[in-house]
Amino acid sequence: MSVTENNVSEAMREGVVIPATSRAERFTSYDVEAFEVPGGREENWRFTPMKRLRGLHDGSAAASGSATVDADAAPELKIETVGRDDERLGAAGVPSDRIAAQAYSSFTEATVITVPKETKTSKPSTVKITGPGEGKVAYGHVQVRAEQFSEAVIVLDHVGSGTYADNVEFVIGDSANVTVVSVQDWADDAVHVSEQHLKLGRDASLKHIVITLGGDLVRVSPTATFADKGGDVEMLGLYFADSGQHQEHRLFVDHAVPNCKSRVMYKGALQGDDAHTVWVGDVLIRAAAEATDTYELNRNLVLTPGARADSIPNLEIETGEIEGAGHASATGRFDDEQLFYLQSRGIGEDAARRLVVRGFFHEILVKIGVPEVRERLEAAIEAELEAVGA
19 MSVTENNVSE AMREGVVIPA TSRAERFTSY DVEAFEVPGG REENWRFTPM
69 KRLRGLHDGS AAASGSATVD ADAAPELKIE TVGRDDERLG AAGVPSDRIA
119 AQAYSSFTEA TVITVPKETK TSKPSTVKIT GPGEGKVAYG HVQVRAEQFS
169 EAVIVLDHVG SGTYADNVEF VIGDSANVTV VSVQDWADDA VHVSEQHLKL
219 GRDASLKHIV ITLGGDLVRV SPTATFADKG GDVEMLGLYF ADSGQHQEHR
269 LFVDHAVPNC KSRVMYKGAL QGDDAHTVWV GDVLIRAAAE ATDTYELNRN
319 LVLTPGARAD SIPNLEIETG EIEGAGHASA TGRFDDEQLF YLQSRGIGED
369 AARRLVVRGF FHEILVKIGV PEVRERLEAA IEAELEAVGA
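Its first residue numbered 19, the sequence shown is counted upward by one per residue in the working numbering.
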């Protein structure tokens, strides 16, 4: 037995959790007890301020309230409230951490949104999810089902106060074309931990957009998988953290079938003392996933001292028969030279700062494709800049 094998065997006897060496070994389960209580040193949790999770991670956060779900939906959509035993639930994916498993085992009702087969909705649909209220805890579950050859734009708008954990599923049928926007615009006291499961059928297209603005601690973990050939997923993200906020986005794109495409682009800005953002982007191209085309990008703009951005892209390739694969990540402080250039052209400092930030986010904003959401984002960015007198 080698030294490494001996160390592994000893660790197993002592009950030590051995981290997976490959994302292909990623553990998933609906059973809460199948996951050890995280202590904060694990790779999946090392950036998360565990004390601010309010017990979501250790089972002490019992449900004490409920989130409310209100819809302003296109008439073509079917929206249902279903029980835990609905056989459609869980179709897009299985929880990959203890909080997601806790949320899956703790919700009492789920919202299922269906886009019927061969239907193109007449307008964007907004589903507003309001937290349980300050000092209360709730668990939730939402599933979006886009049947074959359907087209829709759906916005999930998270607002209000409280502590909330959920699983969100996107089941995208063959040749469906869907845009979904998940907005986290919580009150300052809110904690939100969300695992989002994206499953694409044959020749399906999904634009998945995550926008994080509010909350005390927000952690969103989207996972994209492909059920058949020809799937195309675009995962976009925009986040803006200010003093004391922790915003964490953990993505996993699992290419397990041939001829699929993924594009990931997340951009974030930070300002104020102890503002902290985390972006982790994992892409796995399995041996069977020939002709895969994938690229991921993360950019962070640190506007003031005292803010911190962590960015970790990971790319794992098990086959050489691919179309292309790559990743890029960069974090930088506000460019004083760019600011000076604009001021030398007669633009005041405040206006110049706004122009730089707008330019930084422009590439994401133009891709959103939902005018109401874009206008709201632009206003929110302006408000954030006003808060520090930019």
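Virtual Cβ for every residue (Gly too), placed ideally from N, Cα, C.
With respect to arginine 326, threonine 66 sits apart: the two C-beta atoms are not nearer than 8 angstroms.
By the C-beta criterion, the region 170-181 is judged to be in contact with the region 146-160, since at least 3 inter-stretch pairs fall below 8 angstroms. Of all C-beta pairs linking the region 46-55 to the region 273-292, fewer than three are shorter than 8 angstroms, placing the two stretches out of contact. For glycine 377, the enclosing alpha helix (DSSP H) covers residues 367-386. Taking a contact as a CB-CB distance under 8 angstroms, the pair glutamine 289 and leucine 321 counts as one, their CB atoms being some 4 angstroms apart. Taking arginine 376 as the centre and dropping the five residues before and after it, the same chain places no C-beta closer than 6 angstroms to its C-beta. Shown here for isoleucine 382: same chain residues with a beta carbon closer than 7 angstroms to its own, the five before and five after excluded, namely Leu254, Leu256, Met283, Lys285 in chain order.
Look at the region 338-370 and you find these whole runs of alpha helix (DSSP H), each 4 residues long or longer: 354-362. Taken atom to atom, the span from the alpha-carbon of alanine 306 to that of alanine 42 is near 12 angstroms. Under DSSP, the beta-bridge partners assigned to serine 223 are Asn195, Asp250. With a 10 Å radius around the Cβ and a threshold of 16 neighbouring Cβ atoms, phenylalanine 358 comes out exposed. Cβ contact annotation for isoleucine 190 (same chain, cutoff 7 angstroms, sequence separation greater than five): Ala164, Val196, Lys217, Leu218, Gly219, Ala222, Leu224, in chain order. Looking from the CA of isoleucine 330, the closest CA among Phe352, Gly299, Asp311 belongs to Gly299. Separation of glutamine 265 and glycine 338 (C-alpha to C-alpha, rounded to the nearest whole angstrom) is 35 angstroms.
Look at glutamine 263 here: in three-state DSSP terms it is coil, with no helix or strand label. For alanine 89, the enclosing beta strand (DSSP E) has its first and last residue at 86-90.
Residue ranges of uninterrupted alpha helix (DSSP H) with 4 or more members, entirely inside the region 116-165 and ordered along the chain, are 116-124. For aspartate 368, the number of other beta carbons within 10 angstroms of its own is below 16, and it is reported as exposed. When DSSP assignments are scanned along the region 288-341, no uninterrupted stretch of alpha helix (DSSP H) that is 4 or more residues long falls wholly within it.
Under DSSP, methionine 283 forms a beta bridge with Leu254, Leu315. Secondary structure note for alanine 274: it is in no beta strand (DSSP E), with a DSSP letter that is neither H nor E. Pairing valine 271 with valine 296 gives a Cβ-Cβ distance that is not under 8 angstroms. Taken through DSSP and simplified to helix, strand or coil, valine 55 comes out as coil. In this model, alanine 80 and proline 150 are separated by some 13 angstroms (Cα to Cα).
Contact between arginine 392 and valine 209 fails: their C-beta atoms lie close to 27 angstroms from each other, not under 8 angstroms.
Contact between the region 125-139 and the region 81-98 is established, with three or more Cβ pairs separated by less than 8 angstroms. Between alanine 118 and asparagine 185 the beta-carbon gap is near 6 angstroms, inside 8 angstroms, which marks them as a contact.
Take methionine 68, set aside five residues on each side of it, and the residues of its chain with a beta-carbon closer than 6 angstroms to its own are Gly58, in chain order. A direct Cα-to-Cα measurement between aspartate 246 and alanine 128 gives close to 27 angstroms.
Per DSSP, reduced to three states, the secondary structure at valine 112 is coil, with no helix or strand assignment.
A direct Cα-Cα distance of roughly 21 angstroms separates leucine 74 from arginine 44.
When the beta-carbon positions are compared, alanine 293 and glutamine 263 come within less than 8 angstroms of each other.
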